[in-house]
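Structure record follows, encoded as structure tokens.
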Amino acid sequence: MRKKIIGCLVVLSFGALFTGGCAKKDVVRSEEPISAVQTAPPTAQTTPAEVARPAQPVQPAQEARPEAQGGATAQPMTETTPTREPAVAQEAPKAGQAAKAPAAELQAELQKIYFNFDSADLSEESRGVLSKNADYLSKQPSVKVRIEGNCDERGSDDYNMALGERRAKAAKDYLVNLGIASDRLATISYGEEKPVDQGHDEAAWAQNRRDEFVIVK
Amino acid sequence: MRIILLLALLLFAPQLVLAQGYIDVTAPASRKLKIFVAPTSLPGEAAPQVGQELSELFGFDLGLAGPFEISPRDAGMAGADLVLKSAYSVQGGGVTLECRLVDQVLNREVTAKRYTGGARELRRMAHAFSDEVLRAVTGQKGPFTGKIAYVTKASGNKEVFVMDYDGRNPQRVTNNGSINLKPDFAPSGKEIIYTSYKKGNPDLYRRELFTGLEARISSRPGLNAMGAFSPDGSKIALVMTKDGNSEIYLIGRDGKELARLTNSHAIDVSPAWSPDGSRIVFVSDRLGKPQVFIMDADGGNVRRLTANGAYNVTPRWSPKGDRIVYARKEGSGFQIYAINPDGTQDTQLTSAGSNEHPRFSPDGRFVVFSSTRSGSEGVYLMRADGTSQTRISPSNGQDSHPTWSGNM
């Protein structure tokens with residue numbers, strides 16, 4: 044170990060200068076070696092190349108802001124589900140590009156669903172979106188999907204880890220009830236760690252309280 | 315005068331002092347002890363800036379501590395109760411720091427230490443003497459040689475770092491480009507556990523800080539998060555969702571499941587231990603909104619702790635067991651509160667900006683926390699009564715989730 048320090052605590056003899064023979068004597072003892080915290084040797088450290096990064100869904104370039112925007116300043120706590128527009132034109136193929144794989148087409152069809160603050164309840168609108176997602180999934184029975192639950196920044200991040208999981212599971216349960224095989228649907232929570240909108244207003248929060256449906260195979 | 319009593323005891327009966335004679339520095343009416351940090355003696359080839367650095371370090375440590383008032387530099391020893399003297403020297407590849415605390419009234423040495431080591435360990439040596447000054451004056455060692463682990467977004471994603479308690483000497487712990495969360499020190503201070511998404515799922519890792527050796531100890535489906543070492547280091551309380559809902563479990567250091575502590579349809583998160591290991595404080599929304607509860611360490615005897623506030627989270631127990639800090643949602647942010655384990659004396663400690671993730675220092679004197687009060691989120695600390703709130707992480711950083719180790 045480098046940067047080893049021999050830390051020894053000893054009585055300073057010149058303490059006696061002040062107090063004669065009365066100075067309290069410390070027992071000489073060795074101290075734990077002091078070392079700077081070291082980063083791991085390369086073999087023990089996961090290199091970025093090894094990191095299994097979850098596939099990122101392509102985000103709509105310009106997603107419609109919910110109409111809650113107007114009321115956001117007046118009532119920051121307003122719980123509003125944003126309206127969604129079909130995720131069109133989000134990955135328009137360049138001219139001459141080969142036809143998209145079926146999975147990529149399906150990915151483009153799978154829409155997010157949104158939640159109220161501190162809630163994993165599926166709104167009527169969300170249930171409608173899930174029904175459409177179930178239709179798409181039923182047409183491609185080999186495709187598997189990871190449902191990613193997310194939260195806005197306002198809650199406790201600990202609590203949001205669990206809330207995101209609950210949001211993902213709520214969507215999974217609904218899709219299973221619509222006939223999608225359970226083993227095609229994985230869930231994961233990112234809590235408040237993966238916001239799509241970095242803003243700090245109700246419009247941003249509403250975008251971030253969401254489930255995403257990411258094709259994994 | 316208490317101080318006269320202390321000094322008399324020091325003079326004639328040191329053993330008796332250890333047993334009962336320390337100044338009660340927690341009593342609000344106690345007069346602060348004036349301490350003068352004398353200029354460091356720098357013989358030979360020592361660099362002059364060392365003296366300035368040591369003076370600032372001792373002033374920062376002891377000024378934060380509570381029982382002291384730092385005498386102005388130009389005031390000299392006049393009027394000081396205590397004088398901290400230090401001598402720095404360089405020999406061979408190392409340095410030596412000799413420190414003495416002298417009672418100015420009776421002209422008597424209270425304590426003295428000599429530290430030797432590499433030049434880079436100078437600040438650590440000085441913090442060690444600050445710890446010793448607190449031990450000599452109050453009977454309880456200071457926490458200044460402990461480290462603070464925290465999460466920083468400086469590189470764009472959340473990585474775990476460790477720094478000195480005063481924000482110096484930041485050292486990277488993780489470097490995987492993924493999301494890394496919620497570090498917690500083992501009681502030894504030599505290991506941390508944290509949750510990382512680096513293999514896709516939020517799994518729990520245990521890592522030796524000095525060697526970098528690491529093991530993934532819990533990778534059950536779903537969350538493996540908010541791990542908290544038991545006070546004896548033998549167990550970890552952990553939130554998992556493998557059984558369908560977020561519940562609190564106990565696992566061993568190797569990750570083996572030992573017990574399931576909660577069983578409710580609600581969200582149960584954020585476990586933290588009482589210092590004797592007999593109880594666990596946690597957060598549950600089983601009554602609607604998130605509130606703080608206490609249960610026995612076997613999961614029995616659950617009762618609600620927080621009665622005020624609609625959204626109370628992230629509790630941590632004090633090392634003495636007498637207080638629990640937590641964060642309460644107020645408006646769009648959080649404030650830090652402290653409460654007795656029986657639910658009395660619920661006290662607000664912060665008010666500026668949004669303040670979260672409170673944890674006690676290992677001696678219970680301080681609470682370290684995250685705050686957004688100056689714009690960017692940073693690591694702050696304050697005395698356990700809420701005074702002396704001080705930012706310690708860089709002003710432009712994005713740092714959060716601090717946790718303070720015992721002395722290593």
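As given, the protein sequences belong to chains S and Y, one line each in that order.
44 is the number of the first residue of the first sequence in our numbering; add one for each residue after it.
315 is the number of the first residue of the second sequence in our numbering; add one for each residue after it.
Idealized CB from N, CA, C, for every residue including glycine.
It should be emphasised that the depicted structure is a prediction, and the values quoted were computed from it without experimental measurement.
Per-residue burial, residue i [other beta carbons within 10 Å of its own, 16 or more giving buried]
i: Ala579 of chain Y; result: What sits at residue 579 of chain Y in the sequence shown is His, not Ala. Classification of His579 of chain Y: exposed, given that the 10 Å Cβ count is below 16.
i: Val71 of chain S; result: Note that Val71 of chain S scores a pLDDT of 32, beneath 50, so its modelled location is shaky; the value from the coordinates is reported in the next line. Exposed, since its Cβ has fewer than 16 Cβ neighbours within 10 Å.
i: Ser469 of chain Y; result: exposed
i: Leu601 of chain Y; result: exposed
i: Ser369 of chain Y; result: buried
i: Arg574 of chain Y; result: exposed
i: Thr354 of chain Y; result: buried
i: Leu398 of chain Y; result: buried
i: Lys182 of chain S; result: exposed
i: Asp568 of chain Y; result: exposed
i: Pro362 of chain Y; result: exposed
i: Ala205 of chain S; result: buried
i: Lys260 of chain S; result: exposed
i: Phe648 of chain Y; result: buried
i: Asn669 of chain Y; result: buried
Proximity winner among the options, relative to residue i (alpha-carbon distances)
i: Lys427 of chain Y; options: Y:Ala433, Y:Ala440, Y:Gln418, Y:Arg434; result: Y:Ala440
i: Gly407 of chain Y; options: Y:Ala529, Y:Ser688, Y:Arg534, Y:Gly431; result: Y:Gly431
i: Trp587 of chain Y; options: Y:Gln485, Y:Met696, Y:Phe499; result: Y:Phe499
i: Val693 of chain Y; options: Y:Arg482, Y:Asn515, Y:Gly566; result: Y:Arg482
i: Ile493 of chain Y; options: S:Ala249, S:Phe160, S:Tyr233; result: S:Tyr233
i: Leu523 of chain Y; options: Y:Arg486, Y:Lys513, Y:Gly711; result: Y:Arg486
i: Ala146 of chain S; options: S:Pro184, S:Arg210, S:Glu191, S:Gly207; result: S:Pro184
i: Phe680 of chain Y; options: Y:Val606, Y:Gly657, Y:Lys570, Y:Ile650; result: Y:Ile650
i: Leu153 of chain S; options: S:Val186, S:Lys212, S:Trp248; result: S:Val186
i: Glu435 of chain Y; options: Y:Val447, Y:Tyr640, Y:Thr459; result: Y:Thr459
i: Arg617 of chain Y; options: Y:Pro655, Y:Gly541, Y:Glu383; result: Y:Pro655
i: Gly503 of chain Y; options: Y:Thr576, Y:Asn471, Y:Lys513, Y:Met477; result: Y:Met477
Contact set between residue i and chain Y, taken where Cβ atoms lie within less than 8 Å
i: Glu208 of chain S; result: Gly536, Leu537, Thr555, Ser560
i: Ser232 of chain S; result: Pro516, Gly536, Leu537, Thr555
i: Lys152 of chain S; result: Going by the sequence as given, residue 152 of chain S is Glu instead of Lys. Going along chain Y, no residue has its Cβ under 8 Å from Glu152 of chain S, so there is no contact; the nearest lies around 24 Å.
i: Glu235 of chain S; result: Residues of chain Y passing the Cβ test: none, with the nearest at roughly 11 Å.
Contacts of residue i in chain S (Cβ-Cβ under 8 Å)
i: Val597 of chain Y; result: Ser199, Asp201, Tyr202
i: Ile762 of chain Y; result: What the structure shows of chain Y is the stretch from 315 to 722, and residue 762 of chain Y is not part of that stretch, so it cannot be assessed.
i: Lys570 of chain Y; result: Ordered by position in chain S, no residue passes the 8 Å Cβ test against Lys570 of chain Y, which lies about 22 Å from the chain.
Counterpart residues of residue i in DSSP-defined beta bridges
i: Arg530 of chain Y; result: Y:Tyr519
i: Tyr479 of chain Y; result: Per DSSP, none; premise fails for Tyr479 of chain Y.
i: Arg618 of chain Y; result: Y:Phe607
i: Val639 of chain Y; result: Y:Arg630, Y:Ala652
i: Leu537 of chain Y; result: Beta-bridge pairing links Leu537 of chain Y to no other residue.
i: Phe350 of chain Y; result: Y:Val397
i: Thr704 of chain Y; result: Y:Leu695
i: Gln405 of chain Y; result: Y:Gly408
Chain Y residues whose Cβ lies nearer than 7 Å to that of residue i
i: Ala224 of chain S; result: Here the premise fails: no neighbours, minimum Cβ distance about 17 Å.
Residue i, DSSP secondary structure in three states
i: Gln118 of chain S; result: Low local confidence applies: a pLDDT of 38 at Gln118 of chain S is under 50, so the model's placement there is unreliable, and no value is given.
i: Leu420 of chain Y; result: coil
i: Val451 of chain Y; result: helix
i: Leu415 of chain Y; result: strand
i: Ser714 of chain Y; result: strand
i: Pro484 of chain Y; result: coil
i: Gln140 of chain S; result: Unreliable placement is indicated for Gln140 of chain S, whose pLDDT of 44 sits below 50; the coordinate value is still reported in the next sentence. Residue state, collapsed to three classes: coil.
i: Gln659 of chain Y; result: coil
i: Pro76 of chain S; result: Bear in mind that a pLDDT of 35 at Pro76 of chain S, under 50, signals an unreliable position, so the number given afterwards is only what the model happens to contain. Three-state result, Pro76 of chain S: coil.
i: Ser270 of chain S; result: Residue 270 of chain S lies beyond the range of chain S shown here (44 to 260); nothing can be said about it.
i: Asn176 of chain S; result: helix
i: Pro145 of chain S; result: helix
i: Asn669 of chain Y; result: strand
i: Glu691 of chain Y; result: coil
i: Ser385 of chain Y; result: coil
i: Val391 of chain Y; result: Here residue 391 of chain Y is Met; the residue named in the question, Val, does not match the sequence. Met391 of chain Y falls in the coil class under three-state DSSP.
i: Glu245 of chain S; result: helix
i: Leu324 of chain Y; result: Residue confidence for Leu324 of chain Y is low, a pLDDT of 41 falling below 50, so the modelled location carries little weight; the figure read from the coordinates is stated next. Residue state, collapsed to three classes: helix.
i: Leu738 of chain Y; result: No statement about residue 738 of chain Y is possible, as the shown extent of chain Y runs from 315 to 722 and does not include it.
i: Leu218 of chain S; result: helix
i: Arg438 of chain Y; result: helix
Minimum Cβ-Cβ distance from residue i to chain B less than 8 Å
i: Ala205 of chain S; result: Going by chain labels, chain B is absent from the structure shown, which instead holds the protein chains S and Y.
Neighbour list for residue i in chain S, Cβ cutoff strictly below 9 Å
i: Thr628 of chain Y; result: Ser199, Asp200, Asp201, Tyr202
i: Ala641 of chain Y; result: Ser199
Partners in chain S for residue i, counting only beta-carbon separations shorter than 7 Å
i: Met540 of chain Y; result: Asp201
i: Pro501 of chain Y; result: Neighbours of Pro501 of chain Y on chain S: none; closest Cβ ~14 Å, over 7 Å.
i: Ser584 of chain Y; result: Asp201
i: Ile594 of chain Y; result: Residues of chain S passing the Cβ test: none, with the nearest at roughly 14 Å.
Residue i Cβ short of 7 Å to the ligand MG heavy atom set
i: Tyr651 of chain Y; result: Among the components modelled here there is no ligand, and therefore nothing to report on the ligand MG.
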